[in-house]
Each structure stands twice: as structure tokens, then as C-alpha cells.
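Under full-length UniProt numbering, think of the first position of the sequence shown as 1, with each following residue one higher. Think of the CB as a built atom: it goes at the ideal place given N, C-alpha and C, for glycine as much as any other residue.
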Amino acid sequence: MSFITLTTDFGTKDHFVGAVKGAILSQLPDAKIVDISHEISPFNIAETAYILKNSYKSFPKGTIHIVGVDSELSDDNKHIALEIDNHFFVCPDNGSISMIVSEIQPTKMVEINIHDRIETSFPVLDVFVNVACFIARGGNLTVIGKEIKEIKINTEIKPKINELQNQIIGGVLYVDNFGNLITNISRKMFQEIGKNRKFTVSASKHKFTKIFNKYNEITGEYGTNSTIFDGEKLALFNSADYLELAIFRSNLKSLGGASTLLGLKYRDRVTIDFHSENEPEFSPLQ
């Protein structure tokens with residue numbers, strides 16, 4: 001049985017997702033198809049990269065991941081297939097797997113070259129599905145493409161560090177279903193640059209001097225009466241180990257999420273300033 005995942009910005013109203021699944025099953029009736037997400041914001045490469053990085057490892061080795069975000073073929077947007085960490089990815093060369101390849105070197109990368117036999121305005125259906133099914137049947141990547149040495153990296157995904165090593169300059173990478181704001185600043189970077197120094201996280205007019213590891217840590221000794229903290233803002237390292245700005249027990253229908261209440265959105269700037277010993281005291285990392 002082959003596992004094939006789908007990550008797209010197609011939504012679920014139209015026929016696109018159903019058509020892709022039908023095409024896979026026509027070639028591989030026993031395939032197990034899993035939807036990672038079809039609600040990626042249209043053409044949002046950074047969002048795609050974050051979701052892929054934090055989902056692919058949960059699948060068995062050998063899983064094939066079809067990525068259909070900004071997938072129209074052009075001279076500047078080639079189609080590629082890669083083997084990374086014993087997983088396969090079929091996707092546009094637009095930076096959508098930047099967060100994976102920044103940590104793990106691909107075993108093999110090819111530029112798909114079957115387009116001379118297929119002319120289409122729906123490449124996920126007519127190209128990516130055929131490539132994924134070919135891989136699932138044991139096909140070698142070099143049969144459907146020529147080997148390449150480099151792929152595009154989305155530079156906005158990586159935060160910057162100032163020359164004095166006392167500030168990380170990042171931004172909002174993703175807004176989740178609860179309205180929480182996930183930044184591109186990882187726990188690893190925070191620890192490597194911060195070196196246990198005191199700090200201030202700044203986002204627009206909002207400041208945070210403590211970073212939690214769980215949402216309910218904000219309640220402290222008031223855990224039995226945690227409702228008094230509903231609506232409070234907090235910063236934490238989420239399950240993916242990225243800095244997140246959240247509202248405790250946010251309710252998008254009544255209270256609102258962090259994106260709304262803090263007035264922040266995708267690409268808005270988030271910085272962390274680290275302080276020397278003679279600067280005002282701030283609460284340390286939990």
C-alpha cells in the first residue's frame with residue numbers, strides 16, 4: 001500500500017481535490033490518500049513550508065507528498081521531485097520545502113521533464129499525480145527528470161540576526177485556525193543567540209518578557225480558576241518549537257484570536273532583543 005499526501009491551496013468547494021484523488025485511485029486502487037491541508041492561503045509559500053515541515057515526519061517512510069500550491073509551470077517555476085529523509089516530494093520549485101531542506105540534505109533531486117508529452121493548465125492532476133504514482137510503483141526519479149543540484153529557498157522564512165548578536169528580527173509566518181500567530185523564530189535559534197540572557201519580544205506595540213512552554217502555564221498558581229486568564233496574551237514555544245503569540249483560550253466568534261486582538265498578520269515584524277546584565281531586569285525563559 002502506498003501513502004500519498006496532498007497539500008494544496010485548492011479549498012474544498014471546487015472539484016480539484018476530488019479529481020486529484022480520483023486520478024490517483026485510477027492508477028493505484030489500493031493507495032492510501034491523506035489530506036494534510038487544502039486550506040493553505042492562495043499562493044502562500046511560507047505557510048506551505050511551515051505546514052509541510054511539521055507534518056511529513058508523522059507519516060511512514062516512503063510516503064509520497066504532492067504539493068499543489070502555486071504549481072503552474074513557467075520558466076521561473078519548474079516542477080521537481082525529491083527524496084528527502086526517506087520521503088518523496090512532488091512539487092513546484094518555489095521554496096515550499098525550504099524549511100525541510102534547511103535541516104536535511106535531499107538524497108536526490110530532479111527537474112521533472114515529462115511536460116513535452118503533457119500540456120495542461122492543471123499540473124497537479126496531469127503531472128504530479130503521474131509522477132507520484134510512478135514513484136509509488138518503485139520508479140526511479142531519474143527516469144522522469146534530470147538531476148539538479150539546487151532548488152529555490154524562500155528567504156523570508158529565515159529570520160535575521162543583527163551584527164551584535166543581541167537581536168533576532170523575524171516575522172509572522174502563519175496564522176492558525178485559532179488566530180494564533182506563529183513566527184519564523186525557532187526555539188533553537190532563540191537559545192543559540194540568547195545564551196540565557198534576559199529578553200523582550202516585541203510585536204507592533206505589544207511586549208512579552210516571558211515565554212511559556214504550554215498555554216496553561218500562564219495560570220500559575222491560579223490553575224483551578226484559570227478562567228480569569230481568558231483573553232490574556234502570551235508568548236510560547238509551540239509543539240513545532242516555533243515562537244507563537246497567542247490569546248489564552250481564544251474564541252474567534254466572541255473574544256477573537258491573537259491576530260485580531262493584537263492587530264498582527266502574516267509578514268508583520270516580530271523581534272527579540274537580548275539584554276546585558278546592566279539593563280533593566282526581565283523575566284527569564286520558563
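Neighbour-count burial assignment, residue i, 16 or more Cβ in a 10 Å radius
i, result
"P159", "buried"
"P123", "buried"
"T12", "exposed"
"V143", "exposed"
"E47", "buried"
"D30", "exposed"
"N113", "exposed"
"S26", "exposed"
"residue 302", "Examination of residue 302 is not possible in this model, given that the chain is present from 1 through 286 alone."
"H87", "buried"
"L6", "buried"
"residue 349", "This structure leaves residue 349 out entirely; the chain is present only between 1 and 286."
"I36", "buried"
"N130", "buried"
"I157", "buried"
"M109", "buried"
"T120", "exposed"
"S204", "exposed"
Closest by C-alpha distance to residue i, when choosing among the options
i, options, result
"Y215", "N166, V201, D273 and L236", "L236"
"K188", "N238, L141 and D76", "N238"
"N140", "G194, E111 and G170", "E111"
"V270", "G220, T183 and K233", "T183"
"P60", "D76, N44, V34 and E39", "V34"
"residue 311", "F248, K195 and S202", "This structure cannot settle anything about residue 311, because the visible part of the chain is limited to 1 through 286."
"K195", "E103, S71, D30 and F274", "F274"
"K32", "H65, A203 and I218", "H65"
"S74", "A203, H87 and D93", "D93"
"D126", "S37, G22 and G256", "G22"
"R197", "A132, C91, T209 and I148", "T209"
"I40", "T63, D70, H15 and F3", "D70"
"L264", "E192, N180 and I218", "N180"
"D241", "I185, T200, E147 and Y266", "I185"
"residue 289", "I272, P42, I193 and F3", "Outside the shown range of the chain, which is 1 to 286, sits residue 289, and nothing can be said about it."
"I272", "E72, F190 and A19", "F190"
"S202", "G231, I169 and I148", "I169"
"V67", "C91, A49 and Y50", "C91"
Whole-angstrom C-beta distance between residue j and residue i, which should lie under 8 Å
i, j, result
"I100", "I151", "The pair is not a contact, with the Cβ atoms about 11 Å apart (cut-off 8 Å)."
"I24", "L52", "Their Cβ separation, rounded to whole angstroms, is 19 Å, which puts I24 and L52 out of contact at 8 Å."
"S259", "V175", "5 Å"
"H206", "L262", "6 Å"
"I45", "G95", "5 Å"
"P106", "I84", "5 Å"
Continuous alpha helix (DSSP H) stretch holding residue i: start and end
i, result
"T16", "This sequence places Phe at residue 16; Thr is not what is there. Element bounds for F16: F16 to Q27."
"S259", "A258 to L261"
"K53", "I45 to K53"
"L245", "L245 -> not in any alpha helix (DSSP H); beta strand (DSSP E) instead, spanning Y242 to I247."
Element boundaries [beta strand (DSSP E), containing residue i]
i, result
"F237", "K233 to F237"
"A136", "It is not in any beta strand (DSSP E) - A136 instead sits in the alpha helix (DSSP H) that spans V129 to A136."
"I144", "Careful: I144 lies outside any beta strand (DSSP E), inside the alpha helix (DSSP H) at L141 to I144."
"F59", "Looking at the DSSP string, F59 is not in any beta strand (DSSP E), and its letter there is neither H nor E."
"D273", "R269 to H275"
"D35", "K32 to S37"
"T5", "F3 to T8"
Contact test: residue i Cβ vs the ligand COA heavy atom, cutoff 7 Å
i, result
"P92", "Only the bare structure without any ligand can be found here, which leaves the ligand COA out of the picture."
Ranges of the beta strand (DSSP E) found wholly within the segment 169-205, counting only runs of at least 3: The segment 169-205 contains, as complete beta strand (DSSP E) runs of 3+ residues, the segments 181-186 and 198-203 (chain order).
Scan the segment 61-129 and note each continuous alpha helix (DSSP H) run of 4 residues or more that stays entirely inside, going in chain order. The segment 61-129 contains these whole alpha helix (DSSP H) runs: 98-101.
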